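Residue numbers in the sequence shown follow the numbering used here, run continuously in steps of one, and reach 567 at the last position. We put the CB at the ideal spot given by N, CA and C, even for glycine. Source: prediction; values computed, not measured.
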Amino acid sequence: MSVRDEGRQAIRKLKPGRLVIASHNAGKVREIRDLLAPYGIDAVSAAELDLPEPEETGTTFVANAELKAMQAADLSGLPALADDSGLCVDALNGDPGVYTANWAETPNGRDWNLAMQKVEDALSTKGPDASRDAHFVCVLALAWPDGHVEWFEGRAEGRLTWPPRGTVGFGYDPVFVPHGHERSYAELDPAEKHAISHRADAFRQLVSAVF
357 MSVRDEGRQA
367 IRKLKPGRLV
377 IASHNAGKVR
387 EIRDLLAPYG
397 IDAVSAAELD
407 LPEPEETGTT
417 FVANAELKAM
427 QAADLSGLPA
437 LADDSGLCVD
447 ALNGDPGVYT
457 ANWAETPNGR
467 DWNLAMQKVE
477 DALSTKGPDA
487 SRDAHFVCVL
497 ALAWPDGHVE
507 WFEGRAEGRL
517 TWPPRGTVGF
527 GYDPVFVPHG
537 HERSYAELDP
547 AEKHAISHRA
557 DAFRQLVSAV
567 F
């Protein structure tokens, strides 16, 4: 159960040592591992431990992040950090949102170029004056094997661009231009993205609370 469901008990501190990044997404694992490195955390991914990917049955970012973190912690016997994140487009009533990865699903795996095209096609049906405002949400859930969970939500505002630009990053990064910038996430140096991203925002909160 989340600590927020238990009356907001004191946040548990995370000690240096081994931790599971509960993801099979290589780009996401690399980004989180880079963020954890300065804090004495020996991060190993769920894929490296051959842990199964749980079915994401939650209808919110928090629910899915907690589900993934709790399963990884239970199966590994280690603290586990999971991320659930997504692109929310204003003109599409927040879609793809919590179903961000579903828009990329194909019989042969995830195709992010297809997902970006789906977003653009959906926007085109709204007319030439449709808002291209969007934001990314990231929820980081940190779980321990005894079932204790903490979560932290970050957000990054921006706008969509088309066609996709840049080769750095992953997912919808090539079509998202964060506010205050002219380059897409996929055109930014990783260090620049780490400083301003939705994941970085959530991570700053996590660091302040548990380290």
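Under 8 Å, with one C-beta from each stretch per pair, do the region 427–442 and the region 495–506 reach the 3-pair mark?
yes
In chain order, what residues of the same chain have a beta carbon less than 6 Å from the beta carbon of Met357, not counting five sequence neighbours either side?
Legend: pLDDT at Met357 = 37, less than 50; position of this residue unreliable, no value from coordinates given.
For the region 548–561 against the region 403–423, do three or more pairs of beta-carbon atoms, one drawn from each stretch, fall closer than 8 Å, so that the two count as touching?
no
If you draw a straight line from the C-alpha of Asp390 to the C-alpha of Lys549, how long is it?
12 Å
Along the beta strand (DSSP E) that carries Ile388, what are the first and last residues, could you check?
No beta strand (DSSP E) holds Ile388; the alpha helix (DSSP H) holding it covers Ala382 to Leu392.
Which residue comes first and which comes last in the beta strand (DSSP E) that contains His491?
Asp489 to Ala499
Leaving aside the five residues before and after Ala399 along the sequence, list all residues of the same chain whose C-beta is less than 6 Å from its C-beta, in chain order.
Leu375, Ile377, Arg389 and Leu392
Opposite Trp507 in the DSSP bridges: which residues?
Ala497
Roughly how many angstroms separate the alpha carbons of Glu538 and Ala425, rounded to a whole number?
The alpha-carbon atoms of Glu538 and Ala425 are separated by roughly 35 Å.
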